[in-house]
Amino acid sequence: MDNNLLLDIGFTGQKFTWENRRADDSHLIKERLDRAIVNSNWIKTWPNSQISHETRVGSDHCPILLNIAPKPIRTARQFRFEAMWVSDPDCFDVVQRSWSAGGSHNPYLLLSQKLGSCRRNLINWSKEKFPNNVKLIEGLNRELAVLQETQMNVVDRGREAEIIGAIGRLWTNEELYWKQRSRVNWLQGGDRNTKFFHLTTLQRRQQNRILKIANEDGNWITGDVQVRSEVDEHFKRLFETSGIRDWGSTLDCVAPVISHDQNVLLTHPFSLEEIKSATQQLGNLNAPGPDGFPGENSP
């Protein structure tokens, strides 16, 4: 599968697709013999494909049901600062204008307001400056093909060079776009690794998909809305308690395992240098928080 760049799209339902139907448990064998394996073009065309293992009735194999277009749940698109934006000098001007705007006297609220203003202005600016790379490349390739089929003069040669240069820049932007989403840090850009980064991103998205989840009673919950609701309720229960909150008498009986010096070190406020160092260790393209701004934008 790895050699042919194929992906297993996963499944819902029972874990195994075949069993030998032996009444004696000591000789019972179950296996997952049936699966759906696809390539990156399939994932690109049908990104929400799902496989369901149905119940066995007339065979020792489960029926395999493929749904190529389950109804998606539309959610707000999360903002992400695109690494390719910094290649345009205007990006700095957009950020600078957004950052120079006034706001609250509370420094924490002011920072949030500046990030919000910067985010909105960058989104509006990027729609005009950075449209779909793939469509632009396809259009330029068509123009280049028509141009190269003619007897070119000096002007045509100049236009040919312009188109080739523009395609090269768009290829670089497309590579950065997928590298930023692939979470691959060990491979550097610049060698036209777009297909590899694209496939890595698709594989990670497939692995991170949650199609079902078991609740407290052991019942399986399916469906995007139901799964999200169950996850939300789980963490609400996790951080709430109706039990006793006074642990003083109990903790008095527990011998400390952290020395006084260690406790001072652990409870000491973080310095600006420590925060800066931790942020920069995340990598240039990884966002340290939900605001969508990666470490590349940190001072």
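With this note's numbering as the guide, the letters of the sequence shown map in order to residues 23 to 321.
Glycine is no exception: its CB is placed at the ideal position from the N, C-alpha and C atoms.
Note that this is a predicted model, so its numbers are computed, not measured.
Going by CA-CA distance only, name the one from the options that's closest to residue i.
i	options	result
S71	T77, V176 and S62	S62
R231	D30, T172, L166 and E182	D30
Q100	G138, S271, I51 and A300	G138
E196	V177, R164 and L158	L158
E150	V176, R179, C113 and S126	C113
S148	Q202, S293, W68 and S109	S109
I185	L169, T244, K298 and D283	L169
N155	K298, C84, E104 and P291	E104
L192	Q173, P153 and E171	P153
I59	R44, V253, V177 and N26	N26
M23	E53, G245, R57 and D46	R57
K52	K66, I73, S74 and C84	C84
T77	K37, D46 and K66	K37
L87	V79, S81, G80 and I73	I73
Y199	P291, G80, R102 and A45	R102
R44	L28, D82 and L288	D82
So is residue i buried or exposed if we call it buried at 16+ other beta carbons inside 10 Å?
i	result
F33	buried
M106	buried
G35	buried
Q248	exposed
S271	exposed
S122	exposed
S322	There is no way to answer for residue 322, as the model of the chain reaches only from 23 to 321.
W242	exposed
S299	exposed
S294	Ser is not the amino acid found at residue 294; the sequence shown has Leu there. It counts as exposed.
Y130	exposed
L202	With the sequence shown as reference, residue 202 is identified as Gln, and Leu is not the correct amino acid for it. Per the 10 Å Cβ criterion, buried.
H75	buried
C275	exposed
Just to confirm the assignment, what range does the alpha helix (DSSP H) spanning residue i have?
i	result
L233	Note, L233: premise wrong, no alpha helix (DSSP H); not H, not E.
N155	N155 to Q170
E295	L294 to Q302
F114	D112 to W121
N285	H282 to T289
Can you give me the start and stop residues for the beta strand (DSSP E) that residue i sits inside?
i	result
W147	Here W147 belongs to no beta strand (DSSP E); instead the alpha helix (DSSP H) covers P129 to K151.
I243	W242 to T244
What distance in whole Å lies between the Cβ atoms of residue j and residue i, which are believed to be in contact at a cut-off of 8 Å?
i	j	result
V116	N143	5 Å
I145	L162	About 25 Å separates the two Cβ atoms, so there is no contact after all.
T39	L55	6 Å
Q118	G125	Actually they are not in contact, since the Cβ atoms of Q118 and G125 sit about 15 Å apart, beyond 8 Å.
A91	W68	7 Å
I235	V253	7 Å
In chain order, which alpha helix (DSSP H) runs of at least 4 residues are fully inside the stretch 35 to 94?
Here the runs fully enclosed are 62 to 67.
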